[in-house]
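Residue numbers (this note's numbering): 1171 to 1454.
Just so you know, even glycine gets a beta-carbon here, dropped at the ideal spot from N, CA and C.
Here the structure is a predicted model, which is why all the values come from computation and not from measurement.
All remarks here apply to the structure that follows.
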């Protein structure tokens, strides 16, 4: 069992709507952000209870749109434990200036939200040339880029990874592959086809943990194949707390149980060491 845990996908929501007014992307606020809001103080308490040392906190686009104020202000309160991952509209002419502004306020990583709980995926913005200056800046500043998309967006992910090889790309929720067909997981081949591109990393969240026991899938065969194809050094755990139901301790416990067939060193990479490479502020 790993001795150190880093979570690269929790979310936080302020309880002060006057200071941090909701302005959700696509105009529809996510249900979870209203039903299970979690302040940064609540997150820290949950981390302490679960034994999670550090976290890269992902901005809630379905609550605040492109206003990263709450996530950067909150992470600044716990600089030894948290780093902020935010969102900027990379298609706008001022995207570069916006990224620099948020980085000055403490942003440590970026995320592109092309759909999810409130909207179908639209990958067209991913490889839009208007976004390229923002990608160039990420490479210059050493910022990782999370991408929230499904299999429909993987061709665009490949284009970006090949065009900007020095920007680490992290696929949220593993890119949501269909694994229910079981070994050898042919339905997820479009994901496995990205393995030769070394700048692409995968985020293991409760979604894939749940899918690993659906249909003909099984944790031992699924995670063994993912590790064999990509390498544990390119996999990182994310809780999706509180979006996914359950306490942080329960979410971590499920991940530990589903990944128990991997070696100790593989689990150390997934639960901490990969995260330290993607977000250097989380080291030490």
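- Exclusion of the five residues before and after residue 1245 leaves 1227, 1252, 1253, 1254, 1276 as the residues of its chain whose Cβ lies within less than 7 Å of its Cβ.
- Distance check between residue 1236 and each of 1216, 1219, 1257, 1376 places 1257 closest, using alpha-carbon atoms only.
- Taking C-beta atoms as the reference points, residue 1314 and residue 1448 count as a pair closer than 8 Å.
- Remark: C-beta atoms of residue 1229 and residue 1241 approach each other more closely than 8 Å.
- Bridge pairing for residue 1316: 1281, 1340 [DSSP].
- Setting aside the 5 residues that flank it on each side, residue 1281 is surrounded in the same chain by 1228, 1229, 1231, 1255, 1256, 1257, 1315, 1316, 1317, 1318, 1342, each with a C-beta closer than 8 Å to its C-beta; the list follows chain order.
- Taken through DSSP and simplified to helix, strand or coil, residue 1371 comes out as strand.
- The DSSP-derived three-state label of residue 1398 is helix.
- In the structure shown, the three-state DSSP call for residue 1226 is strand.
- Using a Cβ-Cβ distance cut-off of 8 Å, the region 1296-1310 and the region 1259-1277 are in contact, since at least three pairs of beta carbons, one from each stretch, lie closer than that value.
- Between the beta-carbon of residue 1418 and that of residue 1220 there is about 4 Å, and that keeps the pair under the 8 Å contact cut.
- Separation of residue 1180 and residue 1374 (C-alpha to C-alpha, rounded to the nearest whole angstrom) is 12 Å.
- Rounded to the nearest whole angstrom, the CA to CA distance from residue 1173 to residue 1355 is 31 Å.
- Boundaries of the beta strand (DSSP E) around residue 1256: 1252-1256.
- Residue 1224 counts as buried, since no fewer than 16 other beta carbons sit within 10 angstroms of its beta carbon.
- Closest in alpha carbon position to residue 1178, among 1201, 1196, 1310, 1217, is 1217.
- Shown here for residue 1400: same chain residues with a beta carbon closer than 7 Å to its own, the five before and five after excluded, namely 1365, 1372 in chain order.
- Here residue 1335 is exposed, its C-beta having fewer than 16 other C-beta atoms within 10 Å.
- A Cβ-Cβ distance of about 19 Å is found for the pair residue 1407 and residue 1388, leaving them out of contact under the 8 Å criterion.
- When only Cα atoms are considered, residue 1249 and residue 1351 end up about 43 Å apart.
- Excluding sequence positions up to five before and after residue 1204, its CB lies less than 6 Å from no other CB in the same chain.
- Counting along the chain, residue 1407 sits inside no alpha helix (DSSP H); it lies in the beta strand (DSSP E) bounded by residues 1405-1407.
- According to DSSP, residue 1176 shares a beta bridge with 1224.
- Residue 1421 sits in a helix when the DSSP states are folded into three classes.
- With respect to residue 1446, residue 1453 sits close: the two C-beta atoms are nearer than 8 Å.
- The beta-carbon separation of residue 1363 and residue 1357, rounded to 12 Å, does not stay under the 8 Å limit for a contact.
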